[in-house]
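Numbering (the numbering used here), first residue to last: 1 to 333.
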Ligand code: DP6
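And the structure:
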């Protein structure tokens, strides 16, 4: 068994996943659609272990328990499912803040599932690989397929129809950009896993949000197919705000925002209405804001965003590819 390195990129959901209908199998309550961030990268290397134990190294050091324990659970799940016994060393690193609401679990589990697939010659198809990554983290399904992807919620109790599909490749919309406005780099206050379950169990607004899902998925597919930024942006912004509303009304309330998050949201709306620049925000389980826009407007937006109190820095990204091995082309895993 040779050393293998895989590369995956986090993804940002335009139509969000927030809640599971089956917690064991990680089956979502709604389908979701994402775009992949080229600028953010996770690299994962698997080598045979030098002793009889598995080792997990994250960002060049022994991972803290909160990060290592879901990885260990996932490795044990894979070893059990595929009857694997060889002890391994996993080294994984991100070029962006880990566990800060920047979807490091999406790219992390996509890269890890792909690395296990190659290292142990499991020969999984992209669809099977996305289902395997799902057991690590739901959003990882969409980082397996990359570009613009949809995670089908599926209806079967065994989860065999709950996988991601690439709707459009990374080259589909070359002018589209995402600006990530970083307002905080620390590990987030609460894990998505726990927060989404609390939301399902206690928010009176959750059902109404779920009822919008099919219509929003259809409209988002249309917005992507026709490259309609105002349609895509309005939908993404609304879906994100609605998701956060379900958190704000859960008991006790969950709020991932910091003051700068609100300032960025306000500014984006102002630029859109006063300067007629098409720009829209979406926010995940963290305080950082992702802005959807076109390349021609990036310089103007950056100038304004960088001046907002509490914005630490901004990163601009194009759309990224599916998970792949480091030395080979896309989808070679
Ligand atoms: C807000 O995929 O991290 O980013 O499946 O429990 O690991 P688990 O949750 P995770 O949740 C992501 C939530 C989100 C929205 C999204 O990516 O669709």
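Every residue, glycine too, gets a C-beta built ideally from N, C-alpha and C.
Predicted, not measured: the structure shown is a model, and the values here were computed from it.
Run the CB neighbour count on residue 332, radius 10 Å, all protein chains shown included, and call it buried at 16 or more, exposed below. Residue confidence is low: residue 332 scores 44 on pLDDT, short of 50, so the model does not pin down where it sits. No coordinate-derived value is stated.
From 324, 288, 120, residue whose alpha carbon lies closest to that of residue 180: 288
Identify every residue that forms a DSSP beta bridge with residue 247. Residue 247 is not bridged to any residue.
Tell me whether residue 65 counts as near the ligand DP6, meaning its Cβ is closer than 7 Å to at least one heavy atom of that ligand. no
Looking at the unbroken beta strand (DSSP E) that takes in residue 150, where does it start and where does it end? Per DSSP, residue 150 belongs to the beta strand (DSSP E) from 148-151.
To which residues of the same chain is residue 300 closer than 7 Å at the C-beta, ignoring the five residues directly before and after it? 277
Reduced DSSP secondary structure (H/G/I, E/B, other) of residue 200: helix
Looking at residue 133 and the ligand DP6, is the gap between the Cβ and the nearest heavy atom below 7 Å? no
Would you check whether the ligand DP6 has a heavy atom nearer than 7 Å to the C-beta of residue 205? Every heavy atom of the ligand DP6 is 7 Å or more from the Cβ of residue 205, so no.
For the ligand DP6, is there any heavy atom lying closer than 7 Å to the beta carbon of residue 284? yes
Where does residue 32 sit, in a helix, a strand or coil, going by DSSP? strand
What does the alpha-carbon distance come out to for the pair residue 23 and residue 275? Approximately 45 Å between the Cα atoms of the pair.
At which residues does the beta strand (DSSP E) containing residue 168 begin and terminate? Segment 164-168, the beta strand (DSSP E) holding residue 168.
Return yes when the Cβ of residue 13 is within less than 8 Å of the Cβ of residue 144, no when it is not. no
With a CB to CB cut of under 6 Å and the five nearest residues on each side skipped, what residues in its chain are close to residue 44? 6, 92, 111, 112, 115
Tell me which same chain residues have a C-beta within less than 6 Å of the C-beta of residue 140, skipping the five on either side of it? Excluding sequence neighbours, residue 140 sits near 106, 109, 110, 133.
Bridge-paired residues (DSSP) for residue 8: 42
heavy atom of the ligand DP6 below 7 Å from residue 139 C-beta: yes
Could you name the residues of the same chain whose beta carbon sits closer than 6 Å to that of residue 3, not counting the 5 residues immediately before and after it, in chain order? Answer for residue 3: 47, listed in chain order.
Buried or exposed for residue 10, please, with buried defined as at least 16 other CB atoms from any protein chain shown within 10 angstroms of its CB. buried
Do residue 200 and residue 267 have their CB atoms nearer than 8 Å? no
Is any non-hydrogen atom of the ligand DP6 found closer than 7 Å to the C-beta of residue 374, if you look at the structure I gave you? Outside the displayed span of the chain (1 to 333) sits residue 374, for which this structure offers no information.
Check: residue 192 C-beta below 7 Å from any heavy atom of the ligand DP6: Distances from the CB of residue 192 to the heavy atoms of the ligand DP6 include at least one below 7 Å.
What are the complete beta strand (DSSP E) segments, minimum 3 residues, inside the segment 70-129? 88-94
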